[in-house]
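Protein sequence lines correspond, in order, to chains C and V. Numbers in the numbering used here are just positions in the first sequence, counted from 1, shifted up by 48. Numbers in the numbering used here are just positions in the second sequence, counted from 1, shifted up by 579. Cβ coordinates follow ideal geometry from the N, Cα and C atoms, glycine included. Here the structure is a predicted model, which means the values were calculated and not measured.
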Amino acid sequence: MERAVADDERRRVEVEINGESYSADVETRLLLSDFIRHEAGLTGTHVGCEHGVCGACTVQLDGEPVRSCLLFAVQAHGRSLRTVEGMTDGLADGELHPLQQAFHEKHGLQCGFCTPGFLMSLEPLLLDERELSDREIREALAGNLCRCTGYQNIVEAVKLARERVREPAETPPSP
Amino acid sequence: MKPPRFAYHDPRSLDEALALLAEHGDDGKALAGGQSLVPLLNFRLAQPEHLIDLNRIGALAGITRRAGRLHIGTMTRQSTLEHSALVRDGWPLLTEALTYVAHAQIRNRGTVGGSVAHADPAAELPVAFNALDARFRVASRRGERTVAAADFFVTHLTTALEADEALVEIEVPPTPAGTGHAFTEYARRHGDFALGGAAALVTVDESGTCTRAALALLAAGPTPARAPEAERALVGAGVDAQAATEAAARATAEIHPTGDIHGSGEYRRDLVEVMVRRAIELANERAVSTREAGRSANGASGG
Ligand SMILES: Cc1cc2nc3c(=O)[nH]c(=O)nc-3n(C[C@H](O)[C@H](O)[C@H](O)COP(=O)(O)OP(=O)(O)OC[C@H]3O[C@@H](n4cnc5c(N)ncnc54)[C@H](O)[C@@H]3O)c2cc1C
Ligand code: FES
Ligand code: FES
């Protein structure tokens, strides 16, 4: 029979995710990716490899993209996270974040499994004031694997979203 | 793919962390960025009973220059080092090496000291630190000591750190005027661990004669070794194509990288040789152009 969980193998964890507070008593070995999915019920964050290679689990920890499968939930205690669900906060029902809208228009996804990770990794590029070459955009997405798109349309989507965010269009994009 | 159970400790000070390391000895492990350790836990290749998380000890992170030397706190994130203007100006070899380390999301979390303590022979930072004659400051309840790179890396994934010791800081001396740097590597995909590579520092005098060289090899053996004979051979003349080729051959004459599915040992040896040659040539080119830039700046201010 499995031994009982010792006291120092459990902790109370309180984390802010997309501006809301979540707390739970968890085993210290619980991965942050599993906390997000199973304790907070936010299943937009996907899990592919659980060893840091695929990028599907990427979330933003205090604004920085990180692998949630390589962090323990206890390490996020008292900190603030953003997941893909947070991207549409404050938008009208059915409205998408500019990066999501650009992925949609440019066919930056097919099966969609990798997409939340790409969005979390690439969102900071929309705020980057510098001109970015295709090569720099490709470097920014090199840590995320996609088996479907061949990446080209993801690069196109980033460029479109950056154009729109940096020079907001007068008329909203047609659907 | 789930880690085994462990008791988790998150000390707020180095003293507290060292006490925990001393208490748990071989049953305990320091947790830095977790970008190497957590995969090992997820695969259950490591099963420590106690994890001592260093992430809440703010004093262990930071980059400063004191008396010309660069001091890097062990918990400094790799991305912080990558974007530091101080580092780029004074120790650009580190900045260049970091562009090859994993991916941005991993560098956001992975620490400089974690990469050193992990001691993977295919990791870029240990090789760059070795070329730069860095020293590693190590602490335990028993006291402090400073270890030179040559003594720190013992073999594959093994350092001179005892179970109760923590790496605290990395100290890098300045490089002399007229020094050029280069980090070269070949990997199957960008961000993958390299199949082979090299770091080079070449210093030239006003006439372009090489006065000092440092070469360190990536993924060429169990540790990030230097190549002292090849370094000496470069000194005393201008570095031309032939000198670089000969030094690269000398640097790799005695190495025996192990082969795997990505390439045989022989292929990797040849690859490292090419990487060393290219690193020497690029470092020399950069050294010569800093001298030229210095001369024209002097000329402009003098005239
Ligand atoms: C997909 C992927 C690709 C990668 N590619 C590369 C690459 O191309 N090149 C590269 O160099 N690295 C690569 N890495 C590894 C990455 O750079 C790690 O961040 C680094 O090797 C370990 O640093 P860490 O802070 O994450 O340490 P951890 O994973 O937290 O620790 C690593 C080891 O060091 C020990 N340790 C850490 N800090 C201390 C300390 N202060 N005192 C004593 N012991 C300590 C730990 O106990 C552990 O044994 C990759 C990682 C992933 C997941
Ligand atoms: S699930 Fe985290 S990187 Fe693949
Ligand atoms: S859209 Fe299918 S994996 Fe990327």
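Counting along the chain, V/A586 sits inside the beta strand (DSSP E) bounded by residues A586 to H588. For C/G165, the closest C-alpha among the options C/L119, C/E179, C/Q108 and C/L139 is that of C/Q108.
The set of residues with a C-beta under 6 Å from any non-hydrogen atom of ligand 2 comprises C/V95, C/G96, C/C97, C/E98, C/G100, C/V101, C/C102, C/G103, C/A104, C/C105, C/R115 and C/C117, given in chain order.
Applying a distance threshold of 5 Å between residue Cβ atoms and the heavy atoms of ligand 3 selects C/L157, C/Q158, C/C159, C/F161, C/C162, C/C194, C/R195 and C/C196, given in chain order. By the criterion of a C-beta distance shorter than 7 Å, V/H769 is surrounded by no residue of its chain, once the five residues flanking it on both sides are discounted. Here the alpha carbons of C/I84 and V/A611 stand approximately 22 Å from one another. Residue contact with chain V for C/L119: present (Cβ-Cβ distance below 8 Å to some residue of chain V).
At a Cβ-Cβ threshold of 8 Å, V/R847 and V/A806 do not count as neighbours. Judged by their CB atoms, V/T831 and V/E852 are nearer to each other than the 8 Å cut-off.
The beta carbon of C/D182 does not come within 8 Å of any beta carbon belonging to chain V, so the residue lies off that interface.
Counting of Cβ neighbours within 10 angstroms places C/C159 among the exposed residues, the total staying below 16. For V/T655 and V/S786, the gap between their C-alpha atoms comes out near 39 Å. V/F762 has its Cβ no nearer than 7 Å to any heavy atom of ligand 1. Using a Cβ-Cβ cut-off of 8 Å, C/P113 counts as an interface residue toward chain V, since at least one Cβ of chain V sits closer than that to its own. With contacts defined by Cβ atoms closer than 8 Å, V/F772 and V/I749 do not form a contacting pair.
Straight-line measurement puts the Cα of V/H760 at about 7 Å from the Cα of V/A866. Not one heavy atom of ligand 1 lies closer than 7 Å to the C-beta of C/L80. Distances from the CA of C/V61 to each of C/E187, C/V213 and C/A88 were compared; the closest alpha carbon is that of C/A88.
Proximity to C/D176 across C/H155, C/E211 and C/L193 peaks at C/E211, based on C-alpha coordinates. Using a Cβ-Cβ cut-off of 8 Å, C/V122 counts as an interface residue toward chain V, since at least one Cβ of chain V sits closer than that to its own.
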